[in-house]
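K.L.:
Residue numbers (UniProt numbering): 1 to 292.
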Amino acid sequence: MTRAPHAALPPLSVLRAFRLTGRPRPLDGGQGQSVRVGDAVLKPVGDRADVEWTARLMNGLQGRKAFRVPQFLPSVTGGHVVDGWAATRFLTGEPGPVGRWDSLFTAARDFHQALRDEPRPERLDVYRHPWAVADRVAWGDSTAEVPASVRRPVARLLALREPVAMPDQLVHGDLTGNVLFAPGHAPAIIDFSPYWRPVAYADAIVVIDGLLHHGAGPSLADSLPPGVESAQTLVRALIFRLVALGILAGPDGTPADQELLGFARVSGLLEERIRGRRGQDPTGTGRTSGTT
Numbered sequence: 001m002t003r004a005p006h007a008a009l010p011p012l013s014v015l016r017a018f019r020l021t022g023r024p025r026p027l028d029g030g031q032g033q034s035v036r037v038g039d040a041v042l043k044p045v046g047d048r049a050d051v052e053w054t055a056r057l058m059n060g061l062q063g064r065k066a067f068r069v070p071q072f073l074p075s076v077t078g079g080h081v082v083d084g085w086a087a088t089r090f091l092t093g094e095p096g097p098v099g100r101w102d103s104l105f106t107a108a109r110d111f112h113q114a115l116r117d118e119p120r121p122e123r124l125d126v127y128r129h130p131w132a133v134a135d136r137v138a139w140g141d142s143t144a145e146v147p148a149s150v151r152r153p154v155a156r157l158l159a160l161r162e163p164v165a166m167p168d169q170l171v172h173g174d175l176t177g178n179v180l181f182a183p184g185h186a187p188a189i190i191d192f193s194p195y196w197r198p199v200a201y202a203d204a205i206v207v208i209d210g211l212l213h214h215g216a217g218p219s220l221a222d223s224l225p226p227g228v229e230s231a232q233t234l235v236r237a238l239i240f241r242l243v244a245l246g247i248l249a250g251p252d253g254t255p256a257d258q259e260l261l262g263f264a265r266v267s268g269l270l271e272e273r274i275r276g277r278r279g280q281d282p283t284g285t286g287r288t289s290g291t292t
């Protein structure tokens with residue numbers, strides 16, 4: 001991705017508040033809003049409470065050997081937001097999961113293991129962005145208005161859902177393009193997108209992204225533990241991405257044909273996987289009903 005041609009720059013007062021000197025330089029990637037000043041990255045942010053919560057979380061994970069996360073810098077007042085800007089230490093690395101899937105999954109699982117005791121944040125209940133809505137649709141907590149071209153494939157996927165009994169915890173729901181790799185460094189996990197779902201769901205979203213956008217083959221799904229419930233997280237992950245696509249297009253919009261074809265292809269793969277697993281023992285041993 002390329003940066004926006006007219007990225008906003010933080011005013012001098014913001015640099016001073018974070019004790020930064022130097023000329024801000026726009027960074028590639030993301031939405032073209034981040035700028036680098038020395039060894040820091042500044043980014044415009046929305047809700048202050050969200051940033052302060054994320055800063056506490058990420059700063060409490062510093063020093064891990066298996067992964068890196070952004071360290072949020074305090075301002076001269078002690079807070080982490082100044083005039084709508086937040087600052088973190090620059091993390092070296094480049095995104096791109098192709099050829100690094102195993103490293104990405106390993107880092108993600110270590111990251112989620114580190115979060116296993118975090119309580120559920122109440123702020124998740126008030127999120128109304130397209131991905132939060134799509135996540136609720138995927139898990140049967142809500143409905144959403146999507147274009148006609150998306151309704152039928154969504155309905156077909158919803159029909160594949162079965163109950164799962166996996167524990168929920170705090171997870172990062174958008175890992176695929178938000179893990180940075182650099183020689184000699186642990187993978188860096190950035191742009192935390194919080195959800196309260198099973199860890200396998202976060203991994204399943206990575207698999208779906210790989211199948212849809214990164215040329216991965218069906219064998220990438222074998223990165224998930226075997227069993228019916230893992231297959232069900234894949235179904236929910238595909239619903240999540242498809243509904244978000246529809247919401248972003250708007251009720252009267254139409255996603256690109258190429259995108260819809262990609263979803264149809266992956267949906268077909270999942271239908272085959274579900275058909276192959278229906279009737280299996282829930283432990284994933286491969287025993288079918290009526291056999292010993």
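All residues carry an ideal CB built from backbone N, CA and C; glycine is no exception. These figures come from a predicted structure and were not determined experimentally.
Below 7 Å between beta carbons: does that hold for residue 249 and residue 153?
P.N.:
No, Cβ-Cβ distance for residue 249 and residue 153 is not below 7 Å.
K.L.:
Assuming residue 200 and residue 225 form a contact by the criterion Cβ under 8 Å, report the distance between their Cβ atoms to the nearest whole angstrom.
P.N.:
7 Å
K.L.:
To the nearest angstrom, report how far apart residue 118 and residue 173 are at their CA atoms.
P.N.:
Straight-line spacing of the CA atoms in residue 118 and residue 173 works out to 16 Å.
K.L.:
Take residue 48 as the anchor and find which of 156, 16, 238, 84 has the nearest alpha-carbon.
P.N.:
Nearest C-alpha to residue 48: 84.
K.L.:
Which term fits residue 202, buried or exposed, when burial requires 16 or more other beta carbons within 10 angstroms of its beta carbon?
P.N.:
buried
K.L.:
I need the DSSP call for residue 139, collapsed to helix, strand or coil.
P.N.:
coil
K.L.:
Mapping DSSP to helix, strand and coil, what is residue 72?
P.N.:
Correct three-state label for residue 72: strand.
K.L.:
List the whole-angstrom C-beta distance separating residue 223 from residue 101, where the pair is believed to meet the contact cut-off of C-beta under 8 Å.
P.N.:
7 Å
K.L.:
Between the Cα of residue 233 and those of 206, 214, 255, 252, spot the shortest distance and give me the residue it belongs to.
P.N.:
206
K.L.:
Do residue 86 and residue 45 come within 7 Å of each other at the CB atom, strictly closer than that value?
P.N.:
yes
K.L.:
Starting from the Cα of residue 163, find the closest Cα among 175, 140, 151 and give me that residue.
P.N.:
140
K.L.:
Considering only residues of the region 150-187, which uninterrupted beta strand (DSSP E) runs meet the minimum length of 3 residues and lie entirely inside it, listed in chain order?
P.N.:
169-172
K.L.:
Which first and last residues belong to the beta strand (DSSP E) in which residue 35 is found?
P.N.:
Boundaries of the beta strand (DSSP E) around residue 35: 35-37.
K.L.:
For residue 92 versus residue 41, is the C-beta distance shorter than 7 Å?
P.N.:
no
K.L.:
Hey, residue 55 and residue 80 are a contact pair by Cβ (cut 8 Å); roughly how many whole angstroms apart?
P.N.:
4 Å
K.L.:
To the nearest angstrom, how far is the alpha carbon of residue 104 from that of residue 254?
P.N.:
The straight-line gap from Cα to Cα measures roughly 32 Å.
K.L.:
Residue 297 and residue 221 look like a contact to me (Cβ under 8 Å); what is the Cβ gap, rounded to whole Å?
P.N.:
Coverage of the chain is limited to positions 1 through 292, which leaves residue 297 absent and any answer about it impossible.
K.L.:
Alpha carbon to alpha carbon, how far is residue 190 from residue 70? Give it in angstroms, no decimals.
P.N.:
6 Å
K.L.:
How many whole angstroms separate the CB atoms of residue 137 and residue 143, which I take to be in contact at a CB cut-off of 8 Å?
P.N.:
Right, the Cβ-Cβ distance comes to about 6 Å (below 8 Å), so this counts as a contact.
K.L.:
In chain order, what residues of the same chain lie with their CB nearer than 6 Å to the CB of residue 62, ignoring the 5 residues before and after it?
P.N.:
Within the same chain, Cβ atoms closer than 6 Å to the Cβ of residue 62 are found at 71, the five residues on either side in sequence being excluded.
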